[in-house]
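Scroll down for the structure; my scribbles are underneath it.
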Amino acid sequence: MNDSFGAGGFNATAGGGGAGNENKAEGVLPLVIEQVLESSDGGISLFGHQYAMITLVAIIRNVDYSSTKVTYQLEDHTGRIDAHLWIEDDGVTSTPSIVPQSYARVVGSVRNQGGSKSIMIFKIDQINSPNEVTTHLLEVLHARYKGEENSKRKVEGGFDTNANATSNGGFMESDSIGASLGLNGKQLAVYKAIKSHVSDIGISRKELQAKF
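Numbering (our numbering), first residue to last: 99 to 310.
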């Protein structure tokens, strides 16, 4: 498997779990499940920057309901993890309708209990386009390489805080996320073409080329 999808960019010593470090964590980082499972117990950190939340795109393999929470078993091409959505006082009315064996985007925070990691869900939405799966993987790669680039720039003394902001990962639901990730020109055009295409199998290379 390509190391870009592994946890090689994580700083296992970052974090530490203290209140001071919690206050420094910010932004939303796109990840695959393996990266979550192999992350430091002190928190999610990529090239020295600590993140408060993560976003995943995965298949919902199983859904388990209880009186206080809904537990989703998530799976992508790198592993499996449980994600918990706590039910509000109004009960099932606050529980989203997610069809098992379908893809969903999850935004949440990582918790470590008894050596086992899970996700506390802030938001979960079913997705119907395969392009969103591809787009998420591109975002994972971009966040990793952008983080590495910014880390090198910081070491060299020419750190650009505006460039760093593009890798902080804010979860946005419009095409502006492409620009926020630092994409421009043809990169942004390709991103928008993939994201806006609606079909069961995704956009073909021929269809993509026809747009340029």
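C-beta: ideal position from N, C-alpha, C; glycine also.
Pick from the options that is closest to residue i, judged by C-alpha positions
i, options, result
"SER164", "THR232, ALA202, HIS182, PRO228", "HIS182"
"GLN199", "VAL161, SER214, THR166, MET218", "VAL161"
"PRO128", "GLN148, ASP139, GLY140", "GLN148"
"GLY146", "GLU305, GLY245, ILE152", "GLY245"
"VAL168", "ILE217, MET151, VAL231", "ILE217"
"GLU230", "VAL126, ALA156, SER143, LEU144", "ALA156"
"SER143", "SER214, GLY212, ALA241, ARG251", "ALA241"
"ASP139", "GLU247, THR193, GLY212, GLY206", "GLY212"
"ILE222", "HIS234, THR193, GLU124", "THR193"
"GLY141", "SER227, GLY206, LYS250", "GLY206"
"LEU91", "THR233, ASP187, ASN210, GLU124", "For residue 91 there is no data in the structure shown, the boundaries of the chain being 99 and 310."
"ALA150", "TYR170, GLU124, GLN171", "GLU124"
Distance CB(residue i)-CB(residue j) smaller than 7 Å
i, j, result
"VAL79", "VAL204", "In the structure as shown, the chain starts at 99 and stops at 310, and residue 79 therefore has no counterpart that could be examined."
"ILE185", "THR166", "yes"
"VAL208", "VAL126", "no"
"ILE225", "TYR201", "yes"
"GLU132", "THR176", "yes"
"ILE158", "ILE219", "no"
Under the three-state DSSP convention, the category residue i falls into
i, result
"ASN210", "strand"
"GLY177", "strand"
"ASN248", "helix"
"LEU135", "helix"
"ASN160", "strand"
"PRO228", "helix"
"ALA241", "helix"
"VAL126", "strand"
"GLY267", "Here GLY267 scores only 41 on pLDDT, less than 50, and its place in the model should not be relied on; the value that follows carries that caveat. GLY267 falls in the coil class under three-state DSSP."
Residues that DSSP places opposite residue i in a beta bridge
i, result
"LEU235", "Partner(s): none; LEU235 has no beta bridge."
"ILE196", "None; ILE196 has no bridge partner."
"ALA202", "ALA156, GLN224"
"SER143", "GLN148"
"SER216", "ARG209"
"THR169", "ASP162, HIS182"
Exposure of residue i, with buried meaning 16 or more beta-carbon neighbours within 10 Å
i, result
"ASP174", "buried"
"SER214", "exposed"
"SER272", "With a pLDDT of only 40 at SER272, under the threshold of 50, the placement of this residue in the model should not be trusted, and no figure is reported."
"GLU305", "exposed"
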